[in-house]
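Trainee:
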Amino acid sequence: MKKVWKGFAAAVSAAAIAATGFIGATSASAAPVGTGNITLTGTVSGDQYKAYRLLNVTGVNGTSVAYEVNTKYAAVLKTALGLTSGNVTDKQIVDGIKNLSTGDTTTNTDSKNVRAFAKRVMDAITTDGIEADLAETATDNSLAFTGIPRGYYLFNQTVNGDPDANTDSSFIVDTALDTDTNIAVKNGTVTLVKKVQDNDTSNGQSANQWIDSADYNIGDDVPFQLAGTLPANLTSFKTFNYVFHDTLSTGLTRNNDLKVVVANGGVETDVTSSFTPTPGENGAFTVGIADILSLNTEAQTLVTKDTTVYVRYTAKLNTGAVIGSNGNPNEAYLEFSNNSNHDGTGTTENTPTDKVTVFTYRLDVEKTFDVGAPAESDLPKFTLYKKNADGTYVPYTNDKETSAEKSVVKVDGKYTIAWEGIDAGDYKLAETHTPAGYNTAADVEFTVTADHQISSDDPKLNSLAGGDTFTGTVDTGSISTTIENKSGNELPSTGGMGTTVLYVAGAAIVLIAGIGLAVALRRRQA
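Per mature numbering (1 follows the signal peptide of the UniProt record, and there is no 0): the sequence shown = residues -30 to -1, 1 to 496.
1) Are there 16 or more other CB atoms within 10 angstroms of the CB of Val166, so buried, or fewer, so exposed?
2) Using the Cα positions of residue 502 and Ala202, report the straight-line distance between them to the nearest angstrom.
3) Locate the beta strand (DSSP E) running through Val64, then write down its first and last residues.
4) What residues are listed by DSSP as bridge partners for Lys164?
5) How would you call Pro322, buried or exposed, if buried means at least 16 neighbouring beta carbons within 10 angstroms?
6) Tell me the rounded alpha-carbon separation between Glu106 and Lys20.
7) DSSP three-state label for Tyr43, please.
8) Can the beta-carbon of Leu333 be found closer than 8 Å to that of Ser377?
9) Cα separation between Ala188 and Asp369?
10) With the cut-off set at 8 Å, would you say Gly253 and Leu228 are in Cβ contact?
11) Return the CA-CA distance between Tyr22 and Val39, expressed in angstroms with no decimal places.
12) Helix, strand or coil for Ile95? Go by DSSP, reduced to three states.
13) Threshold first: 4 residues or longer. Then list the alpha helix (DSSP H) segments lying entirely within the region 205 to 270, N to C.
14) What residue range is occupied by the uninterrupted beta strand (DSSP E) comprising Thr441?
15) On the CB-based measure, 16 or more other CB atoms within 10 Å of its CB, does Val328 come out buried or exposed?
16) On the CB-based measure, 16 or more other CB atoms within 10 Å of its CB, does Ala406 come out buried or exposed?
17) Taking a contact to mean a Cβ-Cβ separation below 8 Å, would you say Asn111 touches Thr13 in this structure?
18) What does Gly121 pair with, by DSSP beta-bridge criteria?
19) Which of the three DSSP states, helix, strand or coil, is assigned to Leu53?
20) In chain order, what residues of the same chain have a beta carbon less than 6 Å from the beta carbon of Asn234, not counting five sequence neighbours either side?
21) What residues in its chain sit with their C-beta under 7 Å from that of Gly458, if we drop five residues either side in the sequence?
22) Assuming Lys164 contacts Asn300 under a Cβ cut-off of 8 Å, what Cβ separation, rounded to an integer in Å, is found between them?
23) Put Ala86 into one of helix, strand or coil per three-state DSSP.
24) Restricting to Cα atoms, I'd like to know which of Gly395, Asp396 and Ala400 is closest to Ile387.
25) Output the distance between the C-alpha atoms of Asp382 and Glu336, rounded to the nearest integer angstrom.
26) Buried or exposed, going by whether 16 or more other CB atoms sit within 10 Å of the CB of Val279?
27) Where does the unbroken beta strand (DSSP E) through Tyr303 begin, and where does it stop?
28) To the nearest angstrom, how far is the alpha carbon of Ala114 from that of Thr128?
29) Using 8 Å as the threshold, is the C-beta distance between residue 507 and Leu70 below it?
30) Our contact map puts Ile118 next to Gly6 with C-beta atoms below 8 Å; I'd like the distance itself, whole angstroms only.
31) Three or more C-beta pairs closer than 8 Å, one from the region 415 to 423 and one from the region 431 to 450: is that the case here?
32) Going by C-alpha to C-alpha distance, which of Leu200, Val231, Ala36 and Asn26 sits closest to Asp240?
33) Give me, in chain order, the residues of the same chain whose beta-carbon lies closer than 6 Å to that of Thr470; leave out the 5 immediate sequence neighbours on both sides.
34) Could you tell me if Ile95 is buried or exposed, where buried requires 16 or more neighbouring beta carbons within 10 angstroms of its beta carbon?
35) Let's see if you can read the secondary structure: which residues bound the beta strand (DSSP E) around Lys430?
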């Protein structure tokens, strides 16, 4: 067959030349001329790629290149291009590839027609069991194919070094010439971030900030948020499966207020009705969409590679909540399509799991008596108050502690009282029933403070305190103190000085009486 040469502009990159059909020439029965280098960038360690030399470069003359079909792939290329006549020339095949991007307004290397062609070729190669010409494994963020025969190559990723974070690369087609060619792999990163909001700013966070841990009262509604991203090669997919998986621990019960929005440039659009929530077992549930690209219509584009998808809901911290350092975790991950080279939904992968934790605490009070002990039927009662937003103390209750006033109980010889499921904040303890023979204890005001990690993959409770007369125990989540009842000979209105004054006055009276008696006796003797 006679060689046919076609010139091309030197300013056009090798990638563009390849994707637009290799503006060059074809020849028959010629071996590849020279070698070249192709480097794939954006890889991760462990990525594996195989390369198939579909066309040979048989001649280079200045800015002109001659190509021929690699006979190994002749039948595959004819099938992929729909060239079914018996006598198909190399020129027809090369022109067929060139014409794939004709009239396509996208970047040549991202042409939908070129991608579809590459997939048809790879499907036929797989079906026919054709071995790859080259194979390499990445050790870092680039993968070099060096000193390879010049030609037009199809690259297929066979192993994903980090499937939890990256989608597989779309098929890549490009030309190796005598100059180095760098190609960015056509993959993308999908991430999932799980967060919770706290109801105060005691750990240095701003109001309404989404963080990794919080503390609440039992019975409070706790806000949660999942934020998912989309891959850079989203347009390479025909469909894109997108499913959030969330698991609440036993101490959290999801409320029926789930909302899904897509955010673009700070503008949020509610798409809750397009997502399907499905309850599972042991606190697990999913919310997802079989094809997130279906949200795009001719009227509007809601989903691009730069879109963030948010799932928001609240969950009640219930009476089964764990108190103390173990907390009440909530974990989530995102399932997503990871291979754009499939016609349908294809295979999926999962992001790493992200975790947030909700803490809650307990107040433990030991009651002591300076003298004796009250009757079992006349034990002290205390009422717990919590300071609200306007600074007023109000009786404290939650779903587990239904009454603010509680009676001391005797356990193993100790008199104790406790409130479970309390949050950080300002509190007051007041004795509202005092046993006979004892004086009412003074009110105790205190502040529960907790330091928990607000930015961590596994948030911990670092410290817990209640003030000078309280002891905080992180493991059990207990803030404990001791309050003593003094017997009735103490007069609390004078801080105990009344009794002292009374004793002094009594002694003075006795002394005066003694002096008076001595004077009287002396007079009588005189």
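Where a beta carbon is used, it is the ideal one built from N, C-alpha and C, also for glycine.
Just so we're clear, the structure is a prediction, and the values are computed from it rather than from any experiment.
Mentor: The short version:
1) Within the sequence shown, the letter at position 196 stands for residue 166. Buried is the label assigned to Val166, since at least 16 other Cβ atoms lie within 10 Å of its Cβ.
2) No information on residue 502 is available, as it lies outside the stretch -30 to 496 that the chain covers here.
3) Locating residue 64 in the sequence shown gives position 94, counting from the first residue. Careful: Val64 lies outside any beta strand (DSSP E), inside the alpha helix (DSSP H) at Asp60 to Lys68.
4) Position 194 of the sequence shown holds residue 164. Lys164 pairs with Leu196.
5) As a first step, residue 322 is located in the sequence shown; it is residue number 352 there, counting from the start. Answer is exposed; the Cβ neighbour count stays below 16.
6) Residue numbering aside, residue 106 sits at position 136 when the sequence shown is read from its first letter. Residue numbering aside, residue 20 sits at position 50 when the sequence shown is read from its first letter. Straight-line Cα distance between these residues: approximately 7 Å.
7) On the sequence shown, position 73 is the one that residue 43 refers to. Reduced to three states, the DSSP call for Tyr43 is helix.
8) Numbered from 1 along the sequence shown, position 363 holds the residue referred to as residue 333. Numbered from 1 along the sequence shown, position 407 holds the residue referred to as residue 377. Against a cut-off of 8 Å, the Cβ pair of Ser377 and Leu333 comes out as no contact.
9) Numbered from its first residue, the sequence shown carries residue 188 at position 218. Numbered from its first residue, the sequence shown carries residue 369 at position 399. Going by the sequence as given, residue 188 is Ile instead of Ala. C-alpha separation (whole angstroms): 6 Å.
10) Counting from one through the sequence shown, the residue named residue 253 turns up at place 283. Counting from one through the sequence shown, the residue named residue 228 turns up at place 258. Cβ atoms of Gly253 and Leu228: not closer than 8 Å.
11) The sequence position of residue 22 within the sequence shown is 52, counting from 1. The sequence position of residue 39 within the sequence shown is 69, counting from 1. The C-alpha of Tyr22 lies about 12 Å from the C-alpha of Val39.
12) Position 125 of the sequence shown holds residue 95. Secondary structure at Ile95: helix, using DSSP grouped into helix, strand and coil.
13) Complete alpha helix (DSSP H) runs here, min 4: none at all.
14) Sequence index remark: in the sequence shown, residue 441 carries index 471 (1-based). Per DSSP, the unbroken beta strand (DSSP E) holding Thr441 starts and ends at Thr441 to Thr443.
15) Translated into the one-based positions of the sequence shown, residue 328 becomes position 358. Its Cβ being crowded by 16 or more others within 10 Å, Val328 is buried.
16) Reading the sequence shown from its first residue, position 436 is the one you call residue 406. Result: exposed.
17) On the sequence shown, residue 111 is found 141 positions in, with the first residue counted as 1. On the sequence shown, residue 13 is found 43 positions in, with the first residue counted as 1. Cβ distance < 8 Å, so Asn111 and Thr13 count as in contact.
18) In the sequence shown, the residue the question calls residue 121 occupies position 151. DSSP, once it has assigned bridges, lists Asn26 and Ala146 as partnering Gly121.
19) Translated into positions along the sequence shown, residue 53 becomes position 83. Residue state, collapsed to three classes: coil.
20) Residue numbering aside, residue 234 sits at position 264 when the sequence shown is read from its first letter. Cβ within range, chain order: Thr277.
21) Here residue 458 is taken as the residue at index 488 of the sequence shown, counted from 1. Here Gly458 has Gly407, Tyr408 and Asn409 as same chain residues with Cβ atoms under 7 Å from its own Cβ, once five neighbours each way along the sequence are excluded.
22) In the sequence shown, the residue the question calls residue 164 occupies position 194. In the sequence shown, the residue the question calls residue 300 occupies position 330. The beta carbons of Lys164 and Asn300 sit about 7 Å from each other, so the pair counts as a contact at 8 Å.
23) Along the sequence shown, one-based indexing puts residue 86 at 116. In the structure shown, Ala86 adopts helical secondary structure according to DSSP, grouped into three states.
24) Translated into the one-based positions of the sequence shown, residue 387 becomes position 417. Of Gly395, Asp396 and Ala400, the residue nearest in Cα terms is Ala400.
25) Taking the first residue of the sequence shown as position 1, residue 382 is located at position 412. Taking the first residue of the sequence shown as position 1, residue 336 is located at position 366. So the alpha carbons of these two residues sit roughly 12 Å apart.
26) Translated into the one-based positions of the sequence shown, residue 279 becomes position 309. So Val279 counts as buried.
27) The residue given as residue 303 occupies position 333 in the sequence shown. Residues Asn298 to Ser307.
28) Counting from one through the sequence shown, the residue named residue 114 turns up at place 144. Counting from one through the sequence shown, the residue named residue 128 turns up at place 158. About 16 Å.
29) Since the first residue of the chain shown is -30 and the last is 496, residue 507 is not available in this structure.
30) Here residue 118 refers to the residue found at position 148 of the sequence shown. Here residue 6 refers to the residue found at position 36 of the sequence shown. Contact holds; Cβ gap of about 6 Å.
31) At 8 Å Cβ cutoff, the stretches touch.
32) Numbered from 1 along the sequence shown, position 270 holds the residue referred to as residue 240. The option with the nearest alpha carbon to Asp240 is Val231.
33) Within the sequence shown, the letter at position 500 stands for residue 470. Residue confidence for Thr470 is low, a pLDDT of 46 falling below 50, so the modelled location carries little weight; the figure read from the coordinates is stated next. No residues qualify anywhere along the chain.
34) On the sequence shown, residue 95 is found 125 positions in, with the first residue counted as 1. By the 10 Å Cβ count, Ile95 comes out buried.
35) Here residue 430 refers to the residue found at position 460 of the sequence shown. Per DSSP, Lys430 lies in no beta strand (DSSP E) segment and is marked neither H nor E.
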